[in-house]
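Residue numbers (mature numbering (1 follows the signal peptide of the UniProt record, and there is no 0)): -20 to -1, 1 to 108. In this text, a Cβ means the ideal position worked out from N, Cα and C, and glycines have one as well. Okay, so here's the structure we're looking at.
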């Protein structure tokens, strides 16, 4: 019985580490986002808004970006849970959004992307 409990504990510990967030891997995931979005100190709005300081920010609030009415009026404040739901299927989360993206379904890639984006404050400075 004791070996079963130990085996189960090791299995659960392994599963937890498999879901760890990896900002370096997230930077690679962000490569596909880069076609429309920028992050960092010199980031500018492009096809999509700058993603600096995303978490804690109200949807539709980046100055100088022309959002859809659906996005501006969504009432969303971006947090991890909301972003995870959105990035998996943007049009389902905010019907009428201008974002043309099929969605990122792989949970680990989403974890890594979140870790990468969380590094950038509103000014684009990257925390270490």
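What does the Cβ neighbour count give for residue i, buried or exposed, with the cut at 16 atoms within 10 Å?
i	result
residue 73	buried
residue 12	exposed
residue 57	exposed
residue 40	buried
residue -16	Because the pLDDT of residue -16 is 41, which lies under 50, any placement of that residue in the model is unreliable, and the question is left without a value.
residue 70	buried
residue 80	exposed
I'd like the list of long-range same chain contacts for residue i, defined as Cβ closer than 8 Å, with 5 residues on each side in sequence excluded.
i	result
residue 94	1, 6, 60, 63 and 64
residue 85	68
Between which residues of its own chain and residue i is the CB-CB distance below 7 Å, once the five residues before and five after are set aside?
i	result
residue -18	The predicted position of residue -18 is uncertain, since its pLDDT is 47 and thus under 50; no value can be drawn from it.
residue 25	42, 44 and 45
So, at 6 Å on beta carbons, what are the nonlocal neighbours of residue i in its own chain, with the 5 sequence-adjacent residues on each side left out?
i	result
residue 37	58
residue -7	Reliability of the predicted coordinates at residue -7 is poor, the pLDDT of 44 falling under 50, and the value obtained from them is presented with this limitation in mind. Nothing listed; no residue qualifies.
residue 104	20, 21, 23 and 32
residue 54	39 and 74
What is the residue span of the alpha helix (DSSP H) that residue i lies within?
i	result
residue 7	3 to 10
Continuous alpha helix (DSSP H) assignments of at least 4 residues falling wholly in the region 26 to 87: Listed in chain order, they are 49 to 52, 60 to 68 and 70 to 73.
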